[in-house]
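Enquirer: I have a structure I would like to understand better, so I am pasting it below and will then ask my questions one at a time.
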Amino acid sequence: FVRKARERHCRVSLDDFGAGMSSFEYLRRFPVDTIKIDGSFIEHITQSRFDREIVLAITSIARSLGCDVVGEKIEQQDTLAMLSDMGVAFGQGFLLHRPEPLERIVARATKGATARKAS
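With this note's numbering applied, the sequence shown covers 1 to 119.
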């Protein structure tokens, strides 16, 4: 399935990387474009040397495989700054944007696309 999806130019992400014992097995078996680091490692990154080292290691592995890296559960500015310093270019979490209904997202995206066309 994953290979066929990629053949059709779909990007594939491995979510919650590091949360289970099988993360590396999934990485070996499925070619992915993006690795999303589990929020349990991101959440205490500013206080926990262990979590920082894990995030650095996952980021290094992802880069060497040509994958993008997403940090999950970014809720504090210092967490965002530290991830940025580590080279994590993408993030998600309440600091960046609160969840909202899909209809509102689509309406905003459609409005933005219409405004760009008009200019």
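Just so you know, even glycine gets a beta-carbon here, dropped at the ideal spot from N, CA and C.
Return the chain-ordered list of same chain residues with a C-beta closer than 7 angstroms to the C-beta of Gln-92, the five sequence neighbours on each side being excluded.
Expert: Val-70, Glu-72 and Ile-74
Enquirer: Spatial neighbours of Ile-124 within its chain, please: C-beta separation below 8 angstroms, excluding the five flanking residues on both sides.
Expert: Missing from the structure shown is residue 124; the chain here goes from 1 to 119 and no further.
Enquirer: Assuming Thr-34 contacts Asp-68 under a Cβ cut-off of 8 angstroms, what Cβ separation, rounded to an integer in Å, is found between them?
Expert: Yes, Thr-34 and Asp-68 are in contact; Cβ-Cβ is about 4 angstroms, under 8 angstroms.
Enquirer: Alpha carbon to alpha carbon, how far is Pro-31 from Ser-23?
Expert: 13 angstroms
Enquirer: Below 7 angstroms CB to CB, which residues in the same chain sit around Thr-59 once its five sequence neighbours on both sides are set aside?
Expert: Val-69, Met-86, Gly-87 and Val-88
Enquirer: So, helix, strand or coil for Ile-74, using DSSP?
Expert: coil
Enquirer: Strictly by DSSP, which residues pair up with Thr-34?
Expert: Ser-13 and Asp-68
Enquirer: Please return the same chain residues whose Cβ sits closer than 7 angstroms to the Cβ of Phe-41, not counting the five positions on each side in sequence.
Expert: Gly-18, Asp-51, Ile-54 and Val-55
Enquirer: Identify which residue in His-9, Arg-49 and Val-2 has its Cα closest to the Cα of Arg-29.
Expert: Val-2
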